[in-house]
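Q:
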Amino acid sequence: NVAANTELQSLSIGHNDISTIGLSKNLKLLSLNVSKTKLTELDVSKMETLKSLYCDSIRINRLEVSGLKWLQTLSAKACDLEFLDFTANYFALRYLYLQGNKNFTPQSLNFMYQTIQDPNRTGYMYVKDSNGETADAEKYLMFNNPESHWRIDVKGDGTCSMAEVVITQKPAIGGTYKVMKRDMVYSPDKSAFERHYNEVGSDGKVVPGSILCVRYTAEEGKQYKGIMVNGKLVQDTLFAVTADAEVKAVFEEQQDERCITLTVPAGQPSTYGIGADNDNTPVKIDWGDGALKEYTAKTSWTFIDGTTEGTQVKIYGDVTYLNCESYPDYATDNKISAIDLTKNNKMKYIDMYFNQLKAIDVTNQADLLYLDVSMNEEIKSIDVTKCPLLLQLKAYGLGTLNSIDVKNNPELQLINMKNTALKDIDLSNNGKLIELNLTNCKLTEINVSNMPELKQLHLSNNAIKSIDLKNNTKLLDFSVMKNKLTSLDLSKNVLLEKLDAAENTLEGLDLSANTAIWYIDVRGNKWNACQLNDFYYALPKYVDPGEEASGSTTPTKLWIAFGANANDVEHSETLLAKAKLWVMNYTGNGDGTGCNEAYITILPCENGEVAVKDPSDKVVKSGTKVQKNTELTVYATPDSGYEVVSMKANGQDITDKKFIIKQATEVAVMFSLASSINGTERVVATAEGGNHKINIYTNSPVKATVVGANGKILFTDTLSADTTLGFPAGIYIVTLQNGTDTVTHKLLVR
7 NVAANTELQS LSIGHNDIST IGLSKNLKLL SLNVSKTKLT ELDVSKMETL KSLYCDSIRI
67 NRLEVSGLKW LQTLSAKACD LEFLDFTANY FALRYLYLQG NKNFTPQSLN FMYQTIQDPN
127 RTGYMYVKDS NGETADAEKY LMFNNPESHW RIDVKGDGTC SMAEVVITQK PAIGGTYKVM
187 KRDMVYSPDK SAFERHYNEV GSDGKVVPGS ILCVRYTAEE GKQYKGIMVN GKLVQDTLFA
247 VTADAEVKAV FEEQQDERCI TLTVPAGQPS TYGIGADNDN TPVKIDWGDG ALKEYTAKTS
307 WTFIDGTTEG TQVKIYGDVT YLNCESYPDY ATDNKISAID LTKNNKMKYI DMYFNQLKAI
367 DVTNQADLLY LDVSMNEEIK SIDVTKCPLL LQLKAYGLGT LNSIDVKNNP ELQLINMKNT
427 ALKDIDLSNN GKLIELNLTN CKLTEINVSN MPELKQLHLS NNAIKSIDLK NNTKLLDFSV
487 MKNKLTSLDL SKNVLLEKLD AAENTLEGLD LSANTAIWYI DVRGNKWNAC QLNDFYYALP
547 KYVDPGEEAS GSTTPTKLWI AFGANANDVE HSETLLAKAK LWVMNYTGNG DGTGCNEAYI
607 TILPCENGEV AVKDPSDKVV KSGTKVQKNT ELTVYATPDS GYEVVSMKAN GQDITDKKFI
667 IKQATEVAVM FSLASSINGT ERVVATAEGG NHKINIYTNS PVKATVVGAN GKILFTDTLS
727 ADTTLGFPAG IYIVTLQNGT DTVTHKLLVR
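For the sequence shown, the residue numbers in the numbering used here are 7 to 756.
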């Protein structure tokens with residue numbers, strides 16, 4: 007493949023098994039040698055600068071050299087040539103080797119001689135074993151001029167008849183035609199270096215051996231196949247006769263074989279993936295040189311590597327899946343600038359990612375399921391209104407695309423049109439969407455309320471002011487960074503795992519209902535410390551999603567600090583979030599000075615009731631806020647037979663039932679069996695859950711049993727003193743027993 011070598015001047019590939027070569031891009035060749043190869047076609051007709059051509063012993067019966075004005079040497083020995091025409095040669099030809107071309111006739115040699123100019127210096131011609139014995143080189147080559155510079159090995163005796171013969175043109179089926187004959191008569195108004203044709207007259211007379219040309223018009227749905235000469239089909243528009251002949255143009259049905267045409271640079275290394283509805287589907291590819299290479303498509307992908315020979319690649323066959331994705335500067339780059347699908351309307355899958363398309367027409371693709379034209383930056387519009395079955399549409403990175411109509415695509419499950427100029431999009435008929443990505447567009451509003459199956463929604467870098475997600479109960483991943491949201495209700499999105507709402511103007515955010523969430527970015531909302539504390543307090547406990555999911559992001563799972571319009575993390579109570587095991591992008595601890603209110607949490611307890619009151623004797627409910635530096639009183643009322651054994655605020659003992667709140671505070675009261683009833687001493691033992699631990703308090707021997715949520719016994723032993731046991735986060739049942747006295751606690755380990 008030398009299609010990319012457009013500056014090539016000399017090429018020699020003789021004496022090997024090469025069977026095809028495309029030279030349509032090598033128009034600067036001066037010398038070409040393809041002798042003794044397996045070529046059956048050779049096109050040098052456009053190489054105007056060619057001076058030397060060697061093509062001995064190859065099976066060709068046609069060689070168009072009539073336009074090679076500077077050709078000096080032609081060696082075409084032992085080929086199957088029938089005629090040659092040197093009309094355009096400007097006195098340059100000096101060496102002609104045609105020995106052993108047995109399909110020449112004496113008359114076609116005489117015609118060839120007439121097209122050759124005198125070289126004005128000694129020239130050599132060899133036609134032995136090419137039927138030149140009865141030709142007349144003296145007359146037609148040398149013009150009976152004793153000063154001719156041509157030297158020829160077989161002049162011929164001139165005995166072959168050159169009397170005109172008659173061709174009879176029979177009516178054709180499927181089209182019309184006429185036969186043209188060469189006008190060899192010189193006149194001042196005609197260039198001697200151009201071919202001139204006249205229509206064969208009504209008498210049908212033509213010069214034997216001269217080149218005749220067929221001009222035709224095929225009917226719609228028909229194509230020209232060739233010219234029948236005395237019952238023999240010549241698949242060409244050029245032919246010659248040496249005797250009277252009946253001729254008839256032959257037309258055939260146009261091939262309706264499916265075809266995809268790709269416009270490409272010549273000499274481009276390429277990889278195409280093909281697939282079909284059935285295994286063992288035959289496929290042929292013309293890489294640009296007219297030669298067809300055979301492949302087989304399956305119901306799974308078959309990837310084919312090749313190098314383009316010309317500027318059009320044609321893929322023939324019942325191909326329904328096509329993958330021409332490119333990765334410039336990284337992997338395969340197909341550099342496809344156009345795709346023509348007019349002759350294949352059965353496509354189901356088209357991937358043209360990162361090529362150089364300016365447009366794509368899929369209006370005839372009613373069966374299309376998948377279309378990716380992303381990163382073809384010059385595409386300005388896409389029409390998918392005639393693709394009702396479309397499941398996935400990817401058209402991102404099209405910077406000038408500002409609208410699209412998907413109302414006729416009700417089956418769509420995925421739309422990715424990020425990084426486009428979309429200003430609005432009507433999705434009212436796309437209720438089956440599972441993934442929608444409109445990141446970095448120009449949207450000011452979006453309606454997804456009709457999409458109950460939606461799992462991934464990406465809307466970052468727009469100008470959206472509000473969004474209703476109440477009906478998107480299956481939502482897992484939501485990004486809305488850099489918009490204009492002031493509020494966000496995620497209370498119905500209980501399956502949500504990932505959220506990016508950074509750089510909005512949210513007044514707050516309540517994620518208490520989102521117990522599955524494990525990745526959050528809320529940077530840049532300009533929250534004050536009180537808003538941050540509210541956010542922390544409502545945060546669910548961090549639950550590790552597993553290594554595969556967690557590894558898809560950074561180790562930081564709560565992005566909340568720094569950046570433009572930074573949140574006041576430094577003065578918030580970050581311990582509220584860290585106590586719930588969230589890894590923040592703020593390694594220190596906020597000092598809590600930015601807010602004058604603090605949360606009170608009354609931890610659940612058994613065997614008694616707890617109330618907290620402010621100085622005005624007003625009950626402070628768990629989960630509410632009070633002014634910092636307020637003195638609060640804890641009222642603990644044990645059940646019958648129980649007594650208070652501990653009363654703590656953030657792990658510190660409460661004295662005289664009172665404490666002053668300085669920060670968010672957890673109040674924990676523990677009850678246990680009373681130490682004596684009617685003067686009889688009883689076991690005093692209790693337990694509490696902590697951060698990755700369970701604390702058991704006892705001053706006498708007690709049998710302690712810890713059972714997990716799955717009912718499995720995790721610990722059992724007799725303890726005689728206060729003991730701390732380590733456990734992962736979860737719910738545990740702790741039983742403390744001494745004789746007939748038994749106490750059971752349900753504990754939360756954080």
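In this text, a Cβ means the ideal position worked out from N, Cα and C, and glycines have one as well.
Going by CA-CA distance only, name the one from 571, 574, 302 and 589 that's closest to residue 556.
A: Here residue 556 refers to the residue found at position 550 when the sequence shown is read from its first residue. Here the closest residue by C-alpha is 589.
Q: Assign residue 112 to one of three DSSP states: helix, strand, or coil.
A: Here the question's residue 112 lines up with position 106 in the sequence shown. It is helical.
Q: Among all the DSSP beta bridges, which residues are the ones paired with residue 701?
A: Start at 1 with the first residue of the sequence shown, and residue 701 comes out as number 695. Answer is 694 and 730, bridged to residue 701.
Q: Please name the residue in 703, 741 and 84 whose C-alpha comes closest to that of residue 730.
A: Locating residue 730 in the sequence shown gives position 724, counting from the first residue. Among 703, 741 and 84, the Cα nearest to that of residue 730 is on 703.
Q: Leaving out the 5 sequence neighbours to the left and right, which residues in its chain are closer than 6 Å to residue 469 when beta-carbon positions are compared?
A: Stepping through the sequence shown from its first residue, residue 469 is reached at position 463. Closer than 6 Å at the Cβ level, and outside the excluded window around residue 469, lie 450 and 490.
Q: How long is the line joining the alpha carbons of residue 686 and residue 680, rounded to whole angstroms?
A: For the purposes of this step, residue 686 is identified with residue 680 of the sequence shown, where counting begins at 1. For the purposes of this step, residue 680 is identified with residue 674 of the sequence shown, where counting begins at 1. Here the model assigns residue 686 a pLDDT of 42, short of 50, so the residue's position is not dependable, and the following value carries that caveat. Straight-line Cα distance between these residues: approximately 10 Å.
Q: Does DSSP put residue 538 in a helix, a strand or coil?
A: Position 532 of the sequence shown, counting from 1, holds the residue named residue 538. Residue 538: helix per DSSP, three-state reduction.
Q: What separation, rounded to the nearest whole angstrom, lies between the Cα atoms of residue 187 and residue 348?
A: Stepping through the sequence shown from its first residue, residue 187 is reached at position 181. Stepping through the sequence shown from its first residue, residue 348 is reached at position 342. Going by the C-alpha atoms only, they are around 38 Å apart.
Q: Please name the residue, chosen from 222, 112, 463 and 139, that lies closest to residue 443 on a Cα-to-Cα basis.
A: Mapped onto the sequence shown, residue 443 falls at position 437. Answer by Cα proximity: 463.
Q: Taking just the CA atoms, how far does residue 9 sit from residue 88?
A: Here residue 88 refers to the residue found at position 82 of the sequence shown. Here residue 9 refers to the residue found at position 3 of the sequence shown. Their backbone Cα atoms lie some 29 Å apart in a straight line.
Q: Do the stretch 111-130 and the stretch 244-252 meet, that is, are 3 or more Cβ pairs less than 8 Å apart?
A: They touch, by the three-pair rule.
Q: Could you name the residues that DSSP lists as bridge partners for residue 84?
A: Position 78 of the sequence shown holds residue 84. According to DSSP, residue 84 bridges with nothing at all.
Q: Please classify residue 169 as buried or exposed, where buried requires at least 16 other C-beta atoms within 10 Å of its C-beta.
A: Counted from its first residue, the sequence shown places residue 169 at position 163. Counting Cβ neighbours within 10 Å, residue 169 comes out exposed, since fewer than 16 surround it.
Q: Look at the alpha carbon of residue 94 and the alpha carbon of residue 68, and state the distance between them as a whole number of angstroms.
A: Here residue 94 is taken as the residue at index 88 of the sequence shown, counted from 1. Here residue 68 is taken as the residue at index 62 of the sequence shown, counted from 1. So the two alpha carbons sit approximately 17 Å from each other.
Q: Out of curiosity, what's the CA-to-CA distance linking residue 436 and residue 480?
A: Reading the sequence shown from its first residue, position 430 is the one you call residue 436. Reading the sequence shown from its first residue, position 474 is the one you call residue 480. The straight-line gap from Cα to Cα measures roughly 16 Å.
Q: Note down, in chain order, each residue of its chain lying with its Cβ closer than 6 Å to the Cβ of residue 377, except the 5 sequence neighbours on either side.
A: As a working note, residue 377 is residue 371 in the sequence shown. These residues qualify, in order along the chain: 356 and 399.
Q: Using 8 Å as the Cβ pair cut-off and three pairs as the minimum, do the stretch 129-141 and the stretch 152-161 touch?
A: Yes: the two stretches touch, three or more of their Cβ pairs being nearer than 8 Å.
Q: Could you check what DSSP says for residue 672 in three-state terms: helix, strand or coil?
A: By one-based count along the sequence shown, residue 672 stands at place 666. It is a strand residue.
Q: State the CB to CB distance for the pair residue 660 and residue 628, rounded to an integer number of angstroms; the pair is presumed to be in contact (CB under 8 Å).
A: For the purposes of this step, residue 660 is taken as residue 654 along the sequence shown, with counting starting at 1. For the purposes of this step, residue 628 is taken as residue 622 along the sequence shown, with counting starting at 1. That belief does not hold up - the Cβ atoms of residue 660 and residue 628 are roughly 16 Å apart, past 8 Å.
Q: Could you say which of 318, 727 and 362 lies nearest to residue 267 if we only look at CA atoms?
A: Numbered from 1 along the sequence shown, position 261 holds the residue referred to as residue 267. It is 318 whose Cα lies nearest to the Cα of residue 267.
Q: Consult DSSP for residue 684 and reduce its assignment to one of helix, strand or coil.
A: Start at 1 with the first residue of the sequence shown, and residue 684 comes out as number 678. In this predicted model, residue 684 has a pLDDT of only 46, less than 50, meaning its place in the structure is not dependable; the value taken from the coordinates is given anyway. Coil.
Q: First and last residue of the alpha helix (DSSP H) that includes residue 146?
A: Mapped onto the sequence shown, residue 146 falls at position 140. Segment 143-146, the alpha helix (DSSP H) holding residue 146.
Q: Measuring straight from C-alpha to C-alpha, what distance separates residue 683 and residue 647?
A: In the sequence shown, residue 683 corresponds to position 677, counting from 1. In the sequence shown, residue 647 corresponds to position 641, counting from 1. Bear in mind that a pLDDT of 42 at residue 683, under 50, signals an unreliable position, so the model cannot answer this.
Q: With a threshold of 16 other CB atoms inside 10 Å of the CB of residue 261, please say whether the residue is buried or exposed.
A: Within the sequence shown, numbered from 1, the residue matching residue 261 stands at position 255. Exposed is the call here.
Q: According to DSSP, is residue 290 helix, strand or coil?
A: Residue mapping note: residue 290 aligns to position 284 of the sequence shown, counting from 1. In the structure shown, residue 290 sits in a strand (DSSP, three-state: E or B).
Q: For residue 259, I'd like the list of residues in its chain whose CB is within less than 7 Å of its CB, leaving aside the five on either flank, ordered along the chain.
A: Indexing the sequence shown from 1 puts residue 259 at position 253. Counting only Cβ-Cβ distances below 7 Å, and skipping sequence neighbours, we find 227 and 228.
Q: According to DSSP, what are the bridge partners of residue 355?
A: Position 349 of the sequence shown, counting from 1, holds the residue named residue 355. 327 and 376.
Q: Would you list the residues sitting across from residue 485 in a DSSP beta bridge?
A: Your numbering for residue 485 matches position 479 in the sequence shown. Its beta-bridge partners are 464 and 506.
Q: Taking the alpha-carbon of residue 214 as reference, which of 594, 190 and 611 has the nearest alpha-carbon?
A: As a first step, residue 214 is located in the sequence shown; it is residue number 208 there, counting from the start. Comparing Cα-Cα distances from residue 214 to each of 594, 190 and 611, the minimum goes to 190.
Q: In the DSSP output, what is residue 58 paired with across the bridge?
A: The sequence position of residue 58 within the sequence shown is 52, counting from 1. 37 and 79, per the DSSP bridge assignment.
Q: Cα-Cα, which of 395, 427 and 401 is closest to residue 331?
A: Translated into positions along the sequence shown, residue 331 becomes position 325. When only C-alpha atoms are compared, the closest one is 401.
Q: Using 8 Å as the threshold, is the stretch 537-546 in touch with the stretch 572-592, meaning 3 or more CB pairs across them?
A: The answer is yes - the stretch 572-592 touches the stretch 537-546, with three or more Cβ pairs under 8 Å.
Q: Can you tell me which of the three DSSP states residue 556 falls into?
A: The count along the sequence shown starts at 1 and reaches residue 556 at position 550. Note: residue 556 maps to helix in three-state DSSP.
Q: From the DSSP output, in three-state form, read off residue 748 for me.
A: The residue you call residue 748 lines up with position 742 of the sequence shown. It is a strand residue.
Q: Look at the alpha carbon of residue 523 and the alpha carbon of residue 625, and state the distance between them as a whole number of angstroms.
A: Within the sequence shown, the letter at position 517 stands for residue 523. Within the sequence shown, the letter at position 619 stands for residue 625. Cα-Cα distance, rounded: 33 Å.
Q: Using a beta-carbon distance below 8 Å, is residue 306 in contact with chain C?
A: The structure shown contains no chain C; it holds only a single protein chain.
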